[in-house]
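Asks: So that you can map any letter, position 20 of the sequence shown is 20 in the UniProt record's numbering, and since no number is skipped, the others follow by simple counting.
Every residue gets a Cβ at the ideal spot worked out from N, C-alpha and C, and that includes glycine.
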Amino acid sequence: MAAMSVIGIDFGNESCYVAVARAGGIETIANDYSLRSTPSCVAFSGKNRVLGVAAKNQMVTNMKNTVYGFKRLLGRKYNDPQVQRELKSLPFKASQRADGSIGIHVQYLGEEHVFSPEQITAMLFTKLKDTSETALQTAVNDCVISVPSYYTQAERQALLDAARIAGLNVLRLFNETTATALCYGIYKQDLPAPEAPPRNVVFVDCGYATLQVCICAFHKGKLKVLASAADTNLGGRDIDIILAEHFCKDFQSRYRIDPHTSPRAYLRLLAEVEKLKKQMSANSTTLPLNIECFMEEKDVHGDMKRADMEAMCAHLFKRVESTLKQCLVDSKLKAEEIHSVEIAGGSSRVPALKRVIEDVFGRPISTTLNQDEAVARGCALQCAMLSPAVRVREFAVTDIQPYPLKLTWDPSQGEEGEMEVFGHNHPIPFSKMLTFYRSSPFTLTASYSVPSPSYPDNHIGNFVIKNVKPTPEGEASKVKVKVRINLNGILTIASATLVEKREPVQQEKEEEEKVQTQQQNNMDVDQQADKKDKPDQEAQANEPPAPEVSMDKTRRNSDADDGGRGARGSAPSYSSRILSWFSSGEDKEDTKAKKKVSVCTVELPIETNVCGLSQREIDAALEEECKMIAEDRQENERIDARNALEEYVYDLRAKLSDEDQLATFVTESDREALCRTLDETENWLYEEGEECQRQVYVDRLTRLKALGEPIKERRREFEGRGHALEELAGALQLARKGIDNIKASFGKDDKYSHLTEDEIKKVEKAVQEKWSWLEDKRVVLASTPRTQQPPVTVAQIRSEKQALDSIVLPVLNKPKPKVEPPKEEKPKDKTANDQKSNNQNNQGDAHMQNNQPQTEAEKMDVE
C-alpha cells in the first residue's frame, strides 16, 4: 500500500475523470458504480446529499434540487451575461447575493439552503476524493486539477477555493489542452533532439460545452505551448439543443404538444437527442427517435439522418474553422509545418467536425490518445512530477497566458502610469522585476489589457505596497517589485523590497561595535581552547556568526510555487568577506572604503485585494462541508441498516415457504407465527418505520435473527452432517484395516515389528470406542426430526474424527528405525610413512578445495 497517492482530476462541465500515478503507470479510477466517469451533478434530499452517478439518475424526478452546469458559474457575478444565459436552461433556483455573487437555492434537510458555486464544486470534489481513497486504500491530498485554458484569474481562484473547501492540496491548475499535450509527449520515444527542429502538434479538444485548441512544439523531454484559442460557447450540448429544437417544432405540429412547457419532458428530450447524435456519428442512415409517455400520456416518434443534422449545425462548424485558423495564425506557423493533429473530448467524434479539422490543417487526424481520459492522465503525470512521492521521467512543460496583463499606478517624476507586464501568449510561470521611486506607500492595479471575450470584468485586483518612506536626504526611495504569474496562471506581487543606502558614519559605529564584540568573543574562545587543549576547529565552531549584510541591488525572492522555474536573481554574498575582515585584521581604511558602497534591502508588506473568498469565508464553508459529510455518513448508515432489515425480511419469508430451503426445518405453527412477524415488520417499514433512527432498525433485525437464525442453523447442520459422518466412518474403516494388516503380518515379515503390543491395543481401543459412539449417534440422529435442534453437531463429529486421528495416525505411520552399518576398524600397525602420506594427501585436497565453501569444521582441519 502506498503511503501517499497523487491524482489528476479532469473537472468537466458534464463529467469528471480521476487518474492516479502508480509504479505501473497511469491508471484511471473507477467509481462506486464501476464507471470511469463521474457526472458533475450534486443533488439534495430531505436527509442527505446525492453526488455523482446517483445524482444524475434522479435528475428528472428531483429537478429543482439537482445542480449541474455549475462549472460555468464559477468566479462570476449574478449579472454576468453568460450567467444569465446559463441560468435560463438550468432548472434550479438562483439569486443574487449581497456581494453580487450567485446563490443557488435548494431544499436540504427539510429547509432551504443557499450555496455558492464554489461550495457546490467542493461537494463534487469531496465525492471524487472519497472515490479515490476508496479505490487506492490510502489518503489522498495532493492533486492537479484541469482548467480551461481561457479561464480568467477570477475563475481560477474560485476553483482553487473550491478545492481548499474539499480538503485538497492543489499543486497546480493545469490547462486542459496542455494536459493532453503532456499525456501525448511523455510516451513518445521518437521526439527530436534539442538542437533539431521541433515537432509541432495540434491538439483539438471539443467537449460538452467548449472548443479548445492549442499548438505545441515538442523536443525530447520538453514541450512548449506556442498558441491557444477557444470558443467558450461551442460544444456537444449546442448540437443537442439544435436537435431538440427541431423535434420540439415537429412534435408541436404533429402531436400538438410543446416540450418547452414541461421542464421534465424537455430534459428527457435532451437525453434522447444526445443518444441519437452518438448513433449518427457511427451511422449515416435514417435513425429513429421514440419516447414513450412523453407528455400528456402521448408517445412520440421521430427520425433524422446525419446529413440533416450537419445541415442544421453548419454555422457551428464554421465557428470551429475560424477558431482553428486563429490558433494557427497566433502560432506563426504554416499548415505544412504541422506534424500531426490529435483530437480529444467526447464531441470530437462528430464526423463533420473531423472533416473541418482535416481541411484546415491539410492532414488526417490522429487518435493516439484516449479521447475521454487524456486530460485526467496528463494531470496525474503533472502531479507526479510536482510531488516528491513519485519518480517519473523528466519532462519540462512551458505553458502560456492567453490574455495580456497590465499594471497601472499613480505616475511620479514623469514616469508612465501604465505598463503591459505580460503580453498575449506569454510563457508561464514567469517573473519580472519592476523598479519604482517612491516616498510613500503606493498602489498597483492589475487588469487585462484586452477584454476577455467570455468574461465581462477586466479588473484583477489591487496591491498596496506599504511602509515606503523617503531616504534620510528626503529623496524618493528605490522600491523593487517582483511581479509573477505562477503555475496556476494567477498574477501575484511576489515581493516588494526597499533598497536603502547606509550612512558611512552610522555604519562605522555599528560595525566597530560588532568588530569589538567579535574580537572579544574570539579571545574568550582562544583562552578556553588553550586551557582545554582542543583543536582549532572546535574554537572556530564556537565563534558567533558574522552579521549578515545584504548588498543585492536587484534582489529576487522566489515564491513558494516557483517550483524551480521562472526567472531568478541571486544576490552576491558578502558575509564571507566580512568574516575574513574580522579574522585577518584588515586595514581600517580599506574597511571604510567597502562600507561606503554597501546598501541593504528591506522587505515591504503587501496588502492584496483580489478576487476569491477570504480566509474567514473558506473556514466557514469548510466547517459547513464537514457537517454535511457527517450528515451524509449518518444517513448512509441509517439507510444501510434499513435495507439490511428489509432484505432479511424478504429473504427469510421466501425460504420459509420453500420446501427445498427452510420449510421442513420448522413446525407449521412456528412457521406461521414467524411469517406473521415478518409481515408486520414489512408493514412497519413502509409506514411508521420509514424514517426511524439507525439503532431502531438494528434492534429489529437482531430480534428477527433470534427467530430465524436457529432455523437456518438446523438446515446447515442437516446438510453438513452426512459428509461429516462419512468422513468419520471412513477414518474408522481405514484404522481397522490397518490393525488387521498388522495382525496378519506377525510372524511372516518384520514390516510392523517395531510396533509394540501396547500401541496396537491403544489403537484397537480407540477404534472400538469411536465406532460405538458413531453407531449410537446415528441411531439418535435418525430418530430426531428436522424441526428440532440436533443432539450432535457437525463440529462435534469432526472433533471426534480429530481425536481418532491423533491416536491412530502416529502409530500406523510410525517409521521403522534405521539400522546403522557396522564400522570398519583401522589396522593398528599403520606405519609412520603411511600417516605422513595421508597427511600430505589431505593437505593437497584442502588446497584443491580452497575456492569452495567450507564448513567451520573443515576450515579447522585445514588450519
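Starting from MET280, trace the alpha helix (DSSP H) both ways and give me its first and last residue.
Replies: Locating residue 280 in the sequence shown gives position 280, where the first residue counts as 1. That run of the alpha helix (DSSP H) goes 263–282.
Asks: Would VAL450 be called buried (16 or more neighbouring beta carbons within 10 Å of its own) or exposed?
Replies: Walking along the sequence shown from the start, residue 450 turns up at place 450. Classification of VAL450: exposed, given that the 10 Å Cβ count is below 16.
Asks: By Cβ distance below 8 Å, which residues in the same chain neighbour VAL811 in space, the five residues on each side in sequence not counted?
Replies: Indexing the sequence shown from 1 puts residue 811 at position 811. So the qualifying residues of the chain are LEU755, GLU759, ILE760, LYS762 and VAL763.
Asks: With DSSP run on the structure shown, which of helix, strand or coil describes ILE797?
Replies: Here residue 797 corresponds to residue number 797 of the sequence shown, with the count starting at 1. ILE797: helix per DSSP, three-state reduction.
Asks: What's the C-alpha gap between ASN290 and ASP299?
Replies: Against the sequence shown, residue 290 aligns to sequence position 290. Against the sequence shown, residue 299 aligns to sequence position 299. Taking the straight line from one Cα to the other gives about 8 Å.
Asks: Using three-state DSSP, classify ALA193 as helix, strand or coil.
Replies: The residue you call residue 193 lines up with position 193 of the sequence shown. Looking at ALA193 - three-state DSSP - the assignment turns out to be coil, as it is neither helix nor strand.
Asks: For the segment 729–748 against the segment 768–778, do three or more pairs of beta-carbon atoms, one drawn from each stretch, fall closer than 8 Å, so that the two count as touching?
Replies: The segment 729–748, when compared against the segment 768–778, does touch it at the 8 Å Cβ threshold.
Asks: Helix, strand or coil for VAL50, going by three-state DSSP, please let me know.
Replies: Position 50 of the sequence shown, counting from 1, holds the residue named residue 50. Three-state result, VAL50: strand.
Asks: Quickly, what does DSSP pair SER477 with across the bridge? List them, please.
Replies: Translated into the one-based positions of the sequence shown, residue 477 becomes position 477. DSSP, once it has assigned bridges, lists ARG438 as partnering SER477.
Asks: Within a Cβ cutoff of 8 Å, which residues of the same chain sit near THR677, ignoring the five residues on either side of it in sequence?
Replies: Numbered from its first residue, the sequence shown carries residue 677 at position 677. Hits under 8 Å: LEU704 and LEU707.
Asks: Helix, strand or coil for HIS723, going by three-state DSSP, please let me know.
Replies: Translated into positions along the sequence shown, residue 723 becomes position 723. Correct three-state label for HIS723: helix.
Asks: With a CB to CB cut of under 7 Å and the five nearest residues on each side skipped, what residues in its chain are close to ALA394?
Replies: Numbered from its first residue, the sequence shown carries residue 394 at position 394. Note that residue 394 is Glu in the sequence shown, not Ala. Cβ neighbours of GLU394 beyond the five flanking positions: GLY221.
Asks: Name the two residues that bound the continuous alpha helix (DSSP H) containing ARG642.
Replies: As a working note, residue 642 is residue 642 in the sequence shown. Per DSSP, ARG642 belongs to the alpha helix (DSSP H) from 615–656.
Asks: Looking at VAL479: is its Cβ nearer than 8 Å to the Cβ of ILE465?
Replies: Indexing the sequence shown from 1 puts residue 479 at position 479. Indexing the sequence shown from 1 puts residue 465 at position 465. A contact, by the Cβ cut-off of 8 Å.
Asks: Find the nearest neighbour of THR443 within the set GLU475, ASN488, ASN425 and ILE493, judged by alpha-carbon distance.
Replies: On the sequence shown, residue 443 is found 443 positions in, with the first residue counted as 1. Minimum Cα distance to THR443 is reached at ILE493.
Asks: Tell me, to the nearest whole angstrom, how far the beta carbon of ALA766 is from that of ILE807; I am working on the premise that it is less than 8 Å.
Replies: Locating residue 766 in the sequence shown gives position 766, where the first residue counts as 1. Locating residue 807 in the sequence shown gives position 807, where the first residue counts as 1. Their Cβ separation, rounded to whole angstroms, is 4 Å, which keeps ALA766 and ILE807 in contact under 8 Å.
Asks: In whole angstroms, what is the alpha-carbon distance linking THR408 and ALA446?
Replies: Position 408 of the sequence shown holds residue 408. Position 446 of the sequence shown holds residue 446. The straight-line gap from Cα to Cα measures roughly 7 Å.
Asks: With 16 as the cutoff for other CB atoms within 10 Å, does ASP861 come out buried or exposed?
Replies: If you number the sequence shown from 1, residue 861 lands on position 861. With a pLDDT of 39 at ASP861, under the threshold of 50, the modelled position of this residue cannot be trusted, and the question is left open.
Asks: Do you know how far the Cα of TYR17 is from the Cα of ILE9?
Replies: For the purposes of this step, residue 9 is taken as residue 9 along the sequence shown, with counting starting at 1. For the purposes of this step, residue 17 is taken as residue 17 along the sequence shown, with counting starting at 1. Roughly 6 Å between the two C-alpha positions.
Asks: Out of VAL147, GLU155 and ALA122, which has the shortest C-alpha to C-alpha gap to GLY378?
Replies: If you number the sequence shown from 1, residue 378 lands on position 378. Here the closest residue by C-alpha is VAL147.
Asks: Which value, in whole angstroms, describes the spacing of the CA atoms of ILE242 and LYS318?
Replies: As a first step, residue 242 is located in the sequence shown; it is residue number 242 there, counting from the start. As a first step, residue 318 is located in the sequence shown; it is residue number 318 there, counting from the start. Their backbone Cα atoms lie some 15 Å apart in a straight line.
Asks: Between GLU155 and the rest of its own chain, which residues show a CB-CB distance below 7 Å, the 5 nearest in sequence each way excluded?
Replies: The sequence position of residue 155 within the sequence shown is 155, counting from 1. Excluding residues within five positions, the ones whose Cβ falls inside 7 Å are LEU74 and GLY75.
Asks: To the nearest angstrom, how far is it from the Cα of HIS315 to the Cα of ARG694?
Replies: Sequence index remark: in the sequence shown, residue 315 carries index 315 (1-based). Sequence index remark: in the sequence shown, residue 694 carries index 694 (1-based). C-alpha separation (whole angstroms): 57 Å.
Asks: Along the chain, which unbroken stretches of the beta strand (DSSP E) at least 3 residues long are found entirely within the segment 750–789?
Replies: Within the segment 750–789, no complete beta strand (DSSP E) run reaches 3 residues.
Asks: Start and end of the beta strand (DSSP E) containing GLY378?
Replies: Working through the sequence shown from its first residue, we reach residue 378 at position 378. Taken as a continuous stretch (DSSP letters only), GLY378 belongs to no beta strand (DSSP E), being part of the alpha helix (DSSP H) at 374–386.
Asks: If you compare alpha carbons, which of ASP410, LEU613, ASP699 and VAL375 is closest to PHE174?
Replies: Residue mapping note: residue 174 aligns to position 174 of the sequence shown, counting from 1. Of the listed residues, the one whose Cα sits closest to PHE174 is VAL375.
Asks: Pick helix, strand or coil for HIS219, following the three-state DSSP scheme.
Replies: The count along the sequence shown starts at 1 and reaches residue 219 at position 219. Looking at HIS219 - three-state DSSP - the assignment turns out to be strand.
Asks: Using C-beta distances below 8 Å, list every residue in its chain close to ILE629, excluding the 5 sequence neighbours before and after it, in chain order.
Replies: Locating residue 629 in the sequence shown gives position 629, where the first residue counts as 1. Hits under 8 Å: THR126.
Asks: For the segment 78–97 and the segment 43–53, state whether three or more C-beta atom pairs, one from each stretch, are separated by less than 8 Å.
Replies: No, the segment 78–97 does not touch the segment 43–53.
Asks: Just to confirm, is the Cβ distance from PRO259 to MET295 under 8 Å?
Replies: The residue given as residue 259 occupies position 259 in the sequence shown. The residue given as residue 295 occupies position 295 in the sequence shown. Yes. Within cutoff.
Asks: Taking C-alpha atoms, which residue in LYS406, PRO402, THR435 and PHE430 lies nearest to HIS424?
Replies: Indexing the sequence shown from 1 puts residue 424 at position 424. Of LYS406, PRO402, THR435 and PHE430, the residue nearest in Cα terms is PRO402.
Asks: If ILE26 sits next to ALA344, beta carbons under 8 Å apart, how far is it from one beta carbon to the other, in whole angstroms?
Replies: Against the sequence shown, residue 26 aligns to sequence position 26. Against the sequence shown, residue 344 aligns to sequence position 344. About 15 Å; that fails the 8 Å criterion.
Asks: Assess contact between the segment 201–211 and the segment 321–340, defined as three or more Cβ pairs (one per stretch) separated by less than 8 Å. Is contact present?
Replies: As far as the Cβ criterion goes, the segment 201–211 touches the segment 321–340, which means the pair count is three or higher.
Asks: Where does HIS339 fall in DSSP's three states?
Replies: As a working note, residue 339 is residue 339 in the sequence shown. In this structure, HIS339 counts as coil in the three-state DSSP scheme.
Asks: Does the segment 159–166 come within contact of the segment 176–184, defined as at least 3 CB pairs closer than 8 Å?
Replies: Flag = no, the segment 159–166 and the segment 176–184 do not touch.
Asks: Specify, as a first and last residue, the run of the alpha helix (DSSP H) that PHE70 falls within.
Replies: Mapped onto the sequence shown, residue 70 falls at position 70. Here PHE70 belongs to no alpha helix (DSSP H), and DSSP marks it neither H nor E.
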